[in-house]
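Contents: one structure, followed by commentary.
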Amino acid sequence: MNDRVARSDGRKDWSTWPRYDAAVLGLRNYWYPATWSWKVRSKPVPITLLGERLVFIRDHGRVYALHDRCAHRGVPLSLRAGSLGQRGCARPEFPGTISCGYHGWTYELATGTLVAALTDGPDSPICGKVRIRTYPVEERIGIVWVYIGDLDPPPVEADIPEELLTRPHTKGGRISIREGNWRYAAENGFDEAHPRYLHRNSAWLMRQQIPGWTRSGVKMLEDGPWLAYYATEVHRQSDYPGLGKWQPQRWWKQKGRGGARVAIRLPCALRVNQFDFAIYSWFMPQDVHHHRYMQLAVKFTSGLPGWLFRARYWTYIRWLNQVLFTNQDEVMIKGMDAPPERLFRPDLSLVAWRKLCEGARGGEAPPPDTDERDLATLTNNYSTPI
Amino acid sequence: MNDRVARSDGRKDWSTWPRYDAAVLGLRNYWYPATWSWKVRSKPVPITLLGERLVFIRDHGRVYALHDRCAHRGVPLSLRAGSLGQRGCARPEFPGTISCGYHGWTYELATGTLVAALTDGPDSPICGKVRIRTYPVEERIGIVWVYIGDLDPPPVEADIPEELLTRPHTKGGRISIREGNWRYAAENGFDEAHPRYLHRNSAWLMRQQIPGWTRSGVKMLEDGPWLAYYATEVHRQSDYPGLGKWQPQRWWKQKGRGGARVAIRLPCALRVNQFDFAIYSWFMPQDVHHHRYMQLAVKFTSGLPGWLFRARYWTYIRWLNQVLFTNQDEVMIKGMDAPPERLFRPDLSLVAWRKLCEGARGGEAPPPDTDERDLATLTNNYSTPI
Amino acid sequence: MNDRVARSDGRKDWSTWPRYDAAVLGLRNYWYPATWSWKVRSKPVPITLLGERLVFIRDHGRVYALHDRCAHRGVPLSLRAGSLGQRGCARPEFPGTISCGYHGWTYELATGTLVAALTDGPDSPICGKVRIRTYPVEERIGIVWVYIGDLDPPPVEADIPEELLTRPHTKGGRISIREGNWRYAAENGFDEAHPRYLHRNSAWLMRQQIPGWTRSGVKMLEDGPWLAYYATEVHRQSDYPGLGKWQPQRWWKQKGRGGARVAIRLPCALRVNQFDFAIYSWFMPQDVHHHRYMQLAVKFTSGLPGWLFRARYWTYIRWLNQVLFTNQDEVMIKGMDAPPERLFRPDLSLVAWRKLCEGARGGEAPPPDTDERDLATLTNNYSTPI
């Protein structure tokens, strides 16, 4: 039996990256894009992030987020029973507050303090004695950002791609809940190798021939928070000894350019530069087996060109890229089962990303940069597991 | 971050009431109303109560209940494969017995003794050597009552509301399986505060204005088994400082009377007196996450007035009260997640109910009555968790 | 309460047969019939056996089986994302290989060796350094057989019923996935007693009256691998004291003959001889709660009689026997819950089968044959659990 042949078995677990290994529910102490601003109005919106149930609500134009659990009996604050007994979402009873749909416990949105227990009268002795957790919330570029963490939050701008804050742009977006731990999704996003195979038959790439393989490096972008992948060598078609040529060249496809187009940053944001627009994605932990996936297609323009981009977005970018193309990724993210794993040369990007996570906010200082050593390891020496 | 502010965190668990805490599958040594008498005929009826699978069957006019598990290979006695391979319910092969649909093991209904193993012939040496558990069964007021416990059973009358046994009445009923542990359902039933908020928009109460809040007490009813809640003060509308008035007064609603209308008794029965009839409910444990919910609408009358009540029941009481109104409760019972919990003044009723459960049959003597002390605690002192 | 009466409680667990007890995922070191030969073509076919995920693929006429898990990130090798993002099955990129649908890791079918990582170019240093498990595969009588085990495999002929290899025959077959551990299914198959009760109303037996009960023995068939059940006494109808006669005699039914017709062999094959053809079944472990059920109806003939049998098979044998009749078994296999269990005299067959499993390949020598002692125990002494 061939399984008795001695062989190196790859990586058994992720203990090399202890913080990443532990981050099954994500990295705390960051701002996350929860949802679109227009979605949050006076009706509470329940969203689960990093394993915590949050409820979002707008009052006098401002968005608030609270722990979506009444301190009384543990019912979600956002839950309400309709007049026919159906599930619904609670409406606030008084401005600046949210009332639990069960007994009318009424919390101040700004502080989470219980300001009334309606069914116990105005003199209820429990008023002011209970407080539920509130979360810092900001709105920028049409998105509600929420800070989940235990340290004092930095300004929200620290966690939003700078160009989105400073340059006028037009965008189209989509939010979905997908199966699979957020780390699989983030790794898939920053993995340069898989598009060349997984997406080779994608309708989104029907006019574009991407390289068959590349030699690559990874570096932090211009002292910024982005970690980027860049090609040092690009190959379209090669002869694989004993097998044949790959990849097939299609006359109807344009030859794509190589070069860095993909970048990732903490806590879970990805940017892919297309020919004339950019795709941003966030892979937000929901629970152990699901993540919240926000996609943006952004063109840095406005006025009429902005409207033309909006037309392109709704005509084909949304369907071919944000739905069909990423559904291919979803199939693999759902099928993934690692560790154990055997990394290969292009996985230098994964290693760099995991190492970046080791230095995330709220932990010890990151380990010294050992990219060069790793690159060497990945390139030259597969006899020991990487 | 506000969560670092010191605060009292309420009750972490239910260890204050150890028997109640342990009664995740209910209180043993009581009679439970399993189903309607007319439902049990010669075809076996499987019902799960207190985590035990029972099978009910009628023979020569009498109902029997046995453990629904053949001692041979563990197949449910009630299970039968139809001639097309569909699931069905076994029919008895001989009077006074039930035969397992797999190998024809035939048990005497009255004793649970194996009296034949049909496929092993009349001389099968296993006959008389196997016995399965039987359960005491009685029929009263059109309902099949079963005793589940380890002590000798009291007369069934001990666990049936006395007025149902002694006074002529007309009734309509409904049985359903609902999500949620039975304790959440029983607590919801005896919780006086929630109707004022949860049910404020219910169609069942469209003509009736219930109080906004009350000051209340709890006491055992006239030395009987019922624990009742009674109002000492009733308030329709109050001014909540900094918030506004609540509850809104509706001109089309009659003002409801305050006063005791809700009572509970062991093991899980609730009585709510309406204007001219009464609602009885049983919240019977099925498994950890489901309960069997029996509802009765009862008017103590007979003859023509009884038929008129029957007409009312089928015209609106069933739909507006037993379905839509209680569906609102179901939403909360499914959403509940306690402990941890923070009780408030009206939860005096829950505390009294839990304490009543501590003194249920089959345990040590109940603790001394400390209602008065608790009332003081609930009213005056929220700085320590109650 | 009758449950306080002292009684012997039967068998609490299967520790009497430690290998059988442990074989929740089946017996290793055997050849199993995975699927029909015509089902395996160039598109990979995923099949789970004994808790292991396998992928089958045909190349140049030969079938190969590999562990269905890419060593890289754990994605199933058989998984492929279609161009619209749907799940699909990967196609091989080069002859003699299978490529993972995620990054194009390409394994040699014959050895499981990684021969290319397409997206890392022809010089990828990981080539030849990774190997995944392959499984011995053979094709016989139109079926793909796979060896799952840790010892060197015997010739496949060792695990195929000899008559199927040596005698011309015509057959019809069906494969399905059923609920229930494989041991329940195998025990049900070799259990002589249940057909007389469970299947008494089956359409398949509408013309045939099988015995009401028998006295029986069990022996290995003519030094072969088959363990068979044979009747020493056959009874059609008997008087059960205090109950009545059973089974009812139907004038429209032929009296069936008694005698050995059912045989079982390792690892999980059953043979039931019908009047003029034979039924073979395999109860293959899939996971703890499911088994893969292959059914064959075989007539040892060919030419025109073979075509006539094929017509009979598709006219009624398939529907009445392989679907409806065995669906009755499925109801019980799903409902079974043993141990604990109380065996009875006809379960001598189960005891013999479990003992046979104790001597399966890859373990210690089987215990000495104690059939005689067991028969005595089963017949005479039920006061101690058997």
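Residue numbers (my numbering), protein chains in the order written: chain A, 1 to 386; chain B, 1 to 386; chain C, 1 to 386. No residue lacks a Cβ here, since even glycine has one placed at the ideal position from N, Cα and C.
DSSP lists no bridge partner for R236 (chain B). Under the Cβ distance rule, A117 (chain A) counts among the residues neighbouring chain B, one pair being separated by less than 9 Å. In the structure shown, A117 (chain C) falls within a strand segment according to DSSP collapsed to helix, strand and coil.
Residues of chain B whose Cβ lies closer than 7 Å to the Cβ of P346 (chain C) are, in chain order, T119, D120.
Leaving aside the five residues that flank I333 (chain B) on each side, the residues in its chain whose CB is nearer than 6 Å to its CB run, in chain order, G180, Y184, A185, N188. In summary, A22 (chain A) is exposed, with fewer than 16 beta-carbon neighbours lying within 10 Å of its beta-carbon over all protein chains present. Between the region 129 to 147 of chain A and the region 106 to 115 of chain A there are three or more C-beta pairs closer than 8 Å, enough to call the two in contact. Beyond the five residues adjoining it in sequence on each side, D191 (chain C) comes within less than 8 Å, by CB distance, of P346, D347, S349, L350 in the same chain, given in chain order. Here S42 (chain B) is exposed. Its C-beta has fewer than 16 other C-beta atoms within 10 Å.
Residues of chain B with a Cβ closer than 8 Å to the Cβ of S124 (chain C) do not exist, since the nearest Cβ in that chain sits about 49 Å away. For A269 (chain A), the enclosing beta strand (DSSP E) stretches over residues 269 to 273. Listed along chain A, the residues sitting closer than 8 Å to L79 (chain C) by beta-carbon distance are V331, M332, G335. By the Cβ-count criterion, K299 (chain C) is buried, with 16 or more other Cβ atoms from all chains shown falling within 10 Å of its own Cβ. Under DSSP, T301 (chain C) forms no beta bridge with any residue.
Between H235 (chain C) and chain B, the shortest Cβ-Cβ separation is below 9 Å.
For Q286 (chain A), same chain residues with a beta-carbon under 6 Å away, outside a window of 5 residues either side, are T48, R292 in chain order. Using a Cβ-Cβ cut-off of 9 Å, N327 (chain C) counts as an interface residue toward chain B, since at least one Cβ of chain B sits closer than that to its own.
Burial is judged here by how many other beta carbons sit within 10 angstroms of a residue's own beta carbon; V115 (chain C) has at least 16 and is buried. In the structure shown, Q249 (chain B) adopts coil according to DSSP, grouped into three states. E52 (chain C) is positioned such that its CB atom lies no closer than 9 Å to that of R178 (chain C). Taking a contact to require three or more Cβ pairs closer than 8 Å, the region 93 to 100 of chain A and the region 155 to 170 of chain A do not qualify as touching. Runs of the beta strand (DSSP E) lying entirely within the region 123 to 178 of chain A and spanning at least 3 residues, in chain order: 137 to 140, 143 to 148. Counting C-beta pairs closer than 8 Å gives three or more between the region 67 to 78 of chain C and the region 336 to 346 of chain A, which meets the contact rule.
The count of Cβ pairs closer than 8 Å, one atom from the region 147 to 163 of chain C and one from the region 23 to 35 of chain C, reaches three, so the stretches are in contact. The three-state secondary structure of H72 (chain C), taken from DSSP, is coil.
In terms of Cβ geometry, G104 (chain B) and Y197 (chain C) form a close pair [threshold 9 Å]. The beta carbon of L227 (chain A) does not come within 9 Å of any beta carbon belonging to chain B, so the residue lies off that interface. Residues L50, G51, P285 of the same chain have their beta carbon placed closer than 6 Å to that of L25 (chain B), with the five preceding and five following residues left out of the count. DSSP links A185 (chain C) through a beta bridge to no other residue. Using a Cβ-Cβ cut-off of 8 Å, H194 (chain B) is close to Y102, H103, T119 of chain A, given in chain order. Scanning A:S15, A:V137, A:H67, A:P18 for the CA closest to the CA of R58 (chain A) turns up A:V137. A Cβ-Cβ distance of about 45 Å is found for the pair G303 (chain A) and R19 (chain A), leaving them out of contact under the 8 Å criterion. The beta-carbon of R215 (chain A) is placed less than 9 Å from the nearest beta-carbon of chain C. Straight across, the Cα-Cα distance linking G224 (chain A) with D159 (chain A) is about 11 Å.
In the three-state reduction of the DSSP assignment, R58 (chain C) falls in the strand class, which pools E and B. Cβ contact annotation for N273 (chain A) (same chain, cutoff 6 Å, sequence separation greater than five): R261, in chain order.
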